[in-house]
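There are 2 protein chains.
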Amino acid sequence: MTEAVSRPTLEAVAARAGVSRATVSRVVNGGDGVREPLAERVRQAVEELGYVPNQAARSLVTRRHDAVAVVIAEPEARVFADPFFARQLRGISKELTAHDNQLVLLLIEGRADHARVARYLAGGHVDGALVFSLHLDDPLPELIRDAGVPTVFGGRPGWGPDGAAAGPAGGASGEDPGVRYVDCDNRGGARTAVRHLVDLGRRRVAHIAGALDQTSAVDRLDGYRDVMTDVLGESDPRLVVESDFTPGGGERAMRELLDRCPDLDAVFAANDLTALGALRVLRASGRRVPEDVAVVGFDDMVPVTEQADPPLTTVRQDIEEMGRLMACMLLEDLPGARERDGAPAAWSTLPSAVILPTTLVRRASA
Amino acid sequence: MTEAVSRPTLEAVAARAGVSRATVSRVVNGGDGVREPLAERVRQAVEELGYVPNQAARSLVTRRHDAVAVVIAEPEARVFADPFFARQLRGISKELTAHDNQLVLLLIEGRADHARVARYLAGGHVDGALVFSLHLDDPLPELIRDAGVPTVFGGRPGWGPDGAAAGPAGGASGEDPGVRYVDCDNRGGARTAVRHLVDLGRRRVAHIAGALDQTSAVDRLDGYRDVMTDVLGESDPRLVVESDFTPGGGERAMRELLDRCPDLDAVFAANDLTALGALRVLRASGRRVPEDVAVVGFDDMVPVTEQADPPLTTVRQDIEEMGRLMACMLLEDLPGARERDGAPAAWSTLPSAVILPTTLVRRASA
DNA sequence: TTGAAAGCGCTAACAT
DNA sequence: ATGTTAGCGCTTTCAA
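Protein chains in written order, with this note's numbering: chain X, 2 to 367; chain S, 2 to 367.
And the structure:
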């Protein structure tokens with residue numbers, strides 16, 4: 002193995018530049034308070050020696066790591082079917098990179114991993130955490146709170162006092178004000194979708210819900226119910242089936258729905274993948290989409306929606322932006338954020354929760 | 002912000018247990034050479050104080066980080082469409098976790114990021130690197146070599162002397178023996194796929210190749226050609242189109258092929274996503290699959306292949322296992338690997354390159 | 001503005 | 001088997 006030979010230290014650079022370690026340190030960390038000719042000599046030496054600071058030594062004294070953990074707690078299935086996480090990661094990565102922070106990925110596979118992750122976070126190896134895919138019974142939030150690590154959640158956490166999402170225009174809901182999260186306007190997006198179906202003249206609108214132990218699924222269901230009761234005075238429970246955000250689940254749910262209500266004329270699926278499954282079953286049942294049954298999805302995973310047959314009308318959320326914002330929020334919470342980025346007078350602090358808007362993307366299915 | 006108060010140090014534990022720091026250190030790191038009653042007292046103290054070792058301090062002296070970088074160099078498109086990376090990451094994560102190593106994710110977006118990543122790796126922040134998705138002109142390998150970090154590649158790197166993959170049964174090809182990588186038997190898998198089509202009686206077998214700046218695409222093309230020349234004495238170049246591993250690319254390629262050779266009776270696509278696009282165009286053109294045109298994909302991304310219409314016959318590779326093996330190989334290269342895992346006498350070293358077998362999964366499309 | 005010196009928390013020789 | 005001690009490479013008072 003090519004073993005890295007011992008890297009040059011501050012000491013070495015100092016010697017070469019003929020200054021003290023302290024001076025080199027100053028130059029390396031922004032160079033305030035070092036006169037130009039000297040600073041230049043130091044930079045020279047750094048360059049020539051190929052000096053790179055030893056992060057461990059630095060962390061030891063600063064107690065900062067410039068690293069953030071990303072915790073993904075999705076047990077199996079969905080992570081693979083769904084480009085969702087790849088997208089979020091991309092957004093997060095961009096933002097972290099821009100601020101010279103590293104991304105430590107923590108994937109949770111099973112029960113034992115919760116403890117492992119909690120220990121890691123509590124161990125002070127990272128400056129903060131970005132946590133995804135919380136399920137209602139998830140032990141993680143509490144463990145994290147105990148760990149005392151600054152944290153931002155992806156998606157509204159479910160343990161808050163209320164089960165209601167924010168209104169269409171965004172703004173934090175009535176949660177524990179300390180909890181920071183980024184989410185899209187699930188409820189509002191769902192309303193838009195269902196309203197669209199209603200505007201198309203559909204009245205027997207079914208909903209294939211996501212896994213209801215996740216707030217996104219709950220909020221979308223609520224949005225669906227909002228419009229249905231608004232329009233019809235009630236929401237027929239037979240038109241709702243809980244599923245799991247996967248194509249296979251979508252198929253099963255669609256069969257169930259057709260069984261119960263063969264005369265349904267529209268379906269709002271909790272996400273695009275579910276819609277895909279529904280589409281297949283509808284086709285197999287001899288129904289035409291959208292003529293007989295109109296279908297709307299959620300997410301707008303472009304490769305999925307555009308390749309669907311027919312191309313899927315759906316509610317778009319900007320997933321990458323959500324990731325970026327999560328990272329942004331977290332970085333803001335970290336000590337030293339302000340100084341490090343040359344933030345001017347108007348240092349605008351993000352609110353405790355950010356709800357991104359959604360938009361309806363019309364394609365052929367509805 | 003809930004700010005973590007200063008954690009207990011070794012010193013504190015030592016004081017509480019009434020022993021020296023060295024003794025505590027020994028117990029914490031495996032506890033060899035500490036008599037039981039004492040060791041127990043130390044464990045008590047650790048427990049009571051909730052002591053967690055400071056990784057920075059430890060790294061500073063051991064020069065190890067118990068962290069591995071995963072570098073994904075896919076510019077855009079594919080990462081999102083394809084659950085491929087999620088799967089590999091899962092495999093890697095499992096193996097690293099099992100050996101108490103952390104996963105630092107480095108996503109490469111553009112040209113500037115190469116330098117950033119190289120600097121990071123050279124900076125000695127991680128013990129090793131797992132690198133994916135190399136393209137032929139990629140500057141990364143060289144930068145990494147210079148960085149002197151132990152590295153394992155995902156997929157055969159393209160800069161070696163030969164352009165040929167290993168034989169069907171696996172084994173390293175004639176590369177620089179120092180380069181370590183894990184790949185599936187792309188060429189053999191392609192052969193199996195095309196042979197299957199030929200066995201079905203097809204003779205006008207087309208191939209939609211992947212991006213030919215990646216060895217996986219080249220190897221699959223080679224496998225295709227192997228069989229075609231074997232069966233027909235030649236491989237008609239008009240039956241091959243280069244594409245990009247995406248559904249959209251698959252569509253375009255399929256149209257092109259139908260244009261050139263309307264009488265083709267089979268298609269071997271470089272991956273499942275490409276096959277998906279091809280399927281759509283074939284259907285749109287009024288051709289039945291598999292009656293008129295048989296289609297075979299590559300990868301076996303189950304959510305894709307099973308949901309395809311008709312379900313896709315494909316070549317399966319065990320992606321998660323590839324990830325696991327990559328991590329395994331890297332860990333092996335790291336100093337101290339042997340001692341840390343209680344490896345017995347027969348410490349079997351993985352070969353420099355591992356080629357995993359593929360299997361044909363028959364579904365409805367061929 | 002620059003330098004000297006004191007640690008940060010830990011491991012690993014070396015003593016005992 | 002256990003304790004003592006000397007750093008690992010860096011930042012950060014404090015003096016000059």
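We treat Cβ as the ideally placed atom computed from N, Cα and C, and that holds for glycine.
Burial of T247/X is indicated by the presence of at least 16 other C-beta atoms within 10 angstroms of its C-beta.
Between the alpha carbons of Y52/X and L61/S lies a distance of about 16 Å. If you draw a 10 Å sphere on the C-beta of N30/S, you find fewer than 16 other C-beta atoms in it, and that means exposed.
Under the DSSP definition of a beta bridge, H126/S lacks any partner.
Annotation for F269/S: no alpha helix (DSSP H) segment contains it, though the beta strand (DSSP E) segment containing it runs 267-270. The distance from the Cβ of R204/X to that of D293/X is about 14 Å, inconsistent with a contact at the 8 Å cut-off. Against chain S, the CB of L122/X has no partner CB under 7 Å away; the residue lies outside that interface.
Against chain S, the beta carbon of D310/X has neighbours under 9 Å at R281, R284, D310, listed in chain order.
Short of 6 Å from the beta carbon of L107/S, and not among the five residues preceding or following it, lie these beta carbons of its own chain, in chain order: A70, V72, V118. Closest in alpha carbon position to K95/S, among E110/X, K95/X, V105/X, F86/X, is E110/X. Not flagged as an interface residue toward chain X: A99/S, since no C-beta distance is shorter than 7 Å.
The alpha-carbon separation between F86/X and Y182/S amounts to approximately 26 Å. Where G251/S is concerned, the enclosing alpha helix (DSSP H) starts and stops at 248-261. Under the three-state reduction of DSSP output, H115/X falls in the helix class.
Within the segment 130-162 of chain S, those residues whose Cβ lies closer than 8 Å to any Cβ of chain X are, in chain order, R146, A148, G149, V150, P151. Within the same chain, and ignoring the five residues on either side of E333/S in sequence, the residues whose Cβ sits closer than 7 Å to its Cβ are T350, L351. In this structure, the CA atom of G251/S is about 9 Å from the CA atom of V282/S. Each of V14/X, L258/X, H100/X, R112/X was checked against the Cα of M330/X, and the nearest Cα belongs to H100/X.
Interface residue (Cβ-Cβ distance to chain X less than 7 Å): V355/S is not classified as such. Taking L137/S as the centre and dropping the five residues before and after it, the same chain places the C-beta of G159, D214 closer than 7 Å to its C-beta, in chain order. With fewer than 16 other CB atoms across the displayed protein chains lying within 10 angstroms of its CB, T360/S is exposed.
Counting only residues of its own chain and dropping the five nearest sequence neighbours on each side, R192/X has a CB closer than 6 Å to the CB of G224, D227, V228. In the pairwise beta carbon analysis, the segment 263-277 of chain S is classified as touching the segment 293-308 of chain S: at least three pairs are separated by under 8 Å. Counting along the chain, the unbroken alpha helix (DSSP H) around V29/S starts and ends at 22-29. Annotation: the continuous alpha helix (DSSP H) that includes D273/X extends over 273-285.
Looking at the backbone, the Cα of A23/X and that of G32/X are separated by about 11 Å. In chain order, R91, S94, K95, T98 make up the part of chain S whose C-beta sits under 9 Å from the C-beta of E110/X.
Collapsing the DSSP output to three states places Q56/S in a helix.
Per DSSP, I209/X is one residue of the beta strand (DSSP E) stretching across 206-210. In the structure shown, E321/X adopts helical secondary structure according to DSSP, grouped into three states.
At the C-beta level, G179/S and M327/S stay beyond 7 Å of one another. Secondary structure at T315/S: strand, using DSSP grouped into helix, strand and coil. Cα atoms of D220/S and D83/S: separation of roughly 20 Å, rounded to the nearest angstrom.
The Cβ-Cβ distance between A13/S and L39/S does not fall below 7 Å. Chain S places no beta carbon closer than 7 Å to that of Q318/X, leaving this residue out of the contacts.
Ranked by Cα distance from G149/X, the options S7/S, A309/S, L131/S are led by S7/S.
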